[in-house]
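So the protein lines, in turn, are chains W and L.
For my numbering, add 94 to where a residue sits in the first sequence, where the first one is 1.
Under my numbering, the second sequence has 64 at position 78, and the numbering climbs by one with no breaks.
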Amino acid sequence: MYVKGVAATTVDDVLAATGSSKSQFYHHFKSREALVRAVVDHVGQTVLARERESLGNVSTLRGLRRWRDALVQSNALRHGAYGCALGALASEVSDHDDLARKALSQLFAEWRGLLADVLRRLQADGVLKSEVSVDQLATGLMGALQGGYMLAQAERDVSPMATSIDMALAHIESLSAT
Amino acid sequence: MTTHFVDVLAIEDAALAQVTNREDMTRWRRRVVRELMRPQSRYATALRRVPDSAAGRDFLVTWQGLLTAAVERVLSSENPPEVRSAAGRRHHDRRAADELAVLILAALHGGGLLSRVADDPAPLEAALDIALAPLTTPSARRGSCPADERPGGNMNR
Chain W
95 MYVKGVAATT
105 VDDVLAATGS
115 SKSQFYHHFK
125 SREALVRAVV
135 DHVGQTVLAR
145 ERESLGNVST
155 LRGLRRWRDA
165 LVQSNALRHG
175 AYGCALGALA
185 SEVSDHDDLA
195 RKALSQLFAE
205 WRGLLADVLR
215 RLQADGVLKS
225 EVSVDQLATG
235 LMGALQGGYM
245 LAQAERDVSP
255 MATSIDMALA
265 HIESLSAT
Chain L
-13 MTTHFVDVLA
-3 IEDAALAQVT
7 NREDMTRWRR
17 RVVRELMRPQ
27 SRYATALRRV
37 PDSAAGRDFL
47 VTWQGLLTAA
57 VERVLSSENP
67 PEVRSAAGRR
77 HHDRRAADEL
87 AVLILAALHG
97 GGLLSRVADD
107 PAPLEAALDI
117 ALAPLTTPSA
127 RRGSCPADER
137 PGGNMNR
């Protein structure tokens, strides 16, 4: 599903890739939709574990740039071809499956919360102005990140992703207290 | 190019040609947000299908060009003519406009996705707040610096 996309992946594709039988498949998943929701949960937890690890201790603008560098470098290895695993799933399923959409909304909210925590630490240290809404800023940064992934995917080139995050971080930097 | 790509570009070509100052850009923003928040709109459909084809890439390149030209006009409207006439300044404005156009497209794309998932326009609005800040609050733009002057910036160009 990560490589072909959700819509283009049939149950038969899953059986072929896993070497499972149809009865085994339906023993674990009531339907293809149930499998998609399990994939959403699995991908979401994987992405969140990575982001907790990389953002958990960030408390400086330099640290935030290192986080950006790691994401861009990782995506550059594949020329941006597959985008963000979670964003790609969201783009495909959120209009067709309300349960999956709600699960994705919760996962993105957690990711955004990790970014907001970083910005809150910057604010507590006096780096960001006290009147700045960190939740709104984190939401905007998340939008720039997801959009950057999608532009990179479309262009098979990570440059627009780098530019969009750089510009968003420059905006955050412009809100610094000093 | 697919119909929804052609349709959106026709609308954007006409709409962005009218953008020459901050107020115009704000009106453009309000209209695009309305479009993107309708799940079956041409805009939402076009952005969803961008990664699927080469036509999607062409669509983005063309839209980015229209945005760059509009951003450049807005930036020029904020600068006095004697400053605009300097070649170095024009180059800087062109580059700033190019980068801003990328961020605006990313905000529409990523903010639009997050808004559809959350069924709430707030993420799209927040993403556009960041992307359009240099046009609506000139002091913020002056507070930032070009990508190649930022630590860790522009690593893939």
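C-beta atoms are modelled at their ideal positions from N, C-alpha and C, and glycine is treated no differently.
Listed by chain order, chain W residues near residue i by CB distance under 8 angstroms
i	result
L:I(-3)	Going along chain W, no residue has its Cβ under 8 angstroms from L:I(-3), so there is no contact; the nearest lies around 20 angstroms.
L:H95	Q240, G241, M244 and L245
L:D115	Q230 and G234
Cross-strand partners of residue i (DSSP beta bridge)
i	result
W:L222	W:S270
Within-7 angstroms CB hit, residue i to chain W
i	result
L:V229	Any answer about residue 229 of chain L is impossible in this case: the structure gives chain L only from -13 up to 143.
L:R81	no
L:A119	yes
L:V(-6)	no
L:A40	no
Cross-chain neighbours of residue i in chain L, by beta carbon under 7 angstroms
i	result
W:A210	Near W:A210 there are no residues of chain L at all, since even the closest Cβ is about 11 angstroms away, more than 7 angstroms.
W:S258	V88, L89 and A92
Coil, strand or helix - residue i by DSSP
i	result
W:F123	coil
W:A102	coil
W:S227	coil
W:Y176	coil
L:A3	helix
L:P107	coil
W:N151	coil
L:P120	helix
L:L53	helix
L:S27	coil
L:H95	helix
W:H265	helix
W:H190	coil
L:D44	helix
Proximal residues of chain W, C-beta to C-beta of residue i below 7 angstroms
i	result
L:E85	T257 and M261
7 angstroms Cβ cutoff, residue i in contact with chain L
i	result
W:L149	no
W:E249	yes
W:L198	yes
W:G237	yes
W:H173	no
W:H136	no
W:H122	no
Where residue i meets chain W, residues with beta-carbon distance less than 9 angstroms
i	result
L:R102	A184, S185, S188, D189 and R195
Contacts of residue i in chain L (Cβ-Cβ under 9 angstroms)
i	result
W:G177	P37
Q: Decide if the region 186 to 203 of chain W is in contact with the region 243 to 257 of chain W; the criterion is three or more beta carbon pairs, one per stretch, under 8 angstroms apart.
A: no
(Q) Does the region 256 to 270 of chain W come into contact with the region 27 to 46 of chain L, if we say contact requires no fewer than three beta-carbon pairs (one atom in each stretch) closer than 8 angstroms? (A) No: the two stretches stay apart, fewer than three of their Cβ pairs being nearer than 8 angstroms.
Q: Would you check if there are 3 or more beta carbon pairs closer than 8 angstroms linking the region -9 to -2 of chain L to the region 44 to 55 of chain L?
A: Contact between the region -9 to -2 of chain L and the region 44 to 55 of chain L is present, because at least three Cβ pairs lie under 8 angstroms.
Q: Give a yes or no on contact between the region 104 to 117 of chain W and the region 158 to 167 of chain W, applying the rule of three or more CB pairs nearer than 8 angstroms.
A: Judged by Cβ distances under 8 angstroms, the region 104 to 117 of chain W makes no contact with the region 158 to 167 of chain W, as fewer than three pairs qualify.
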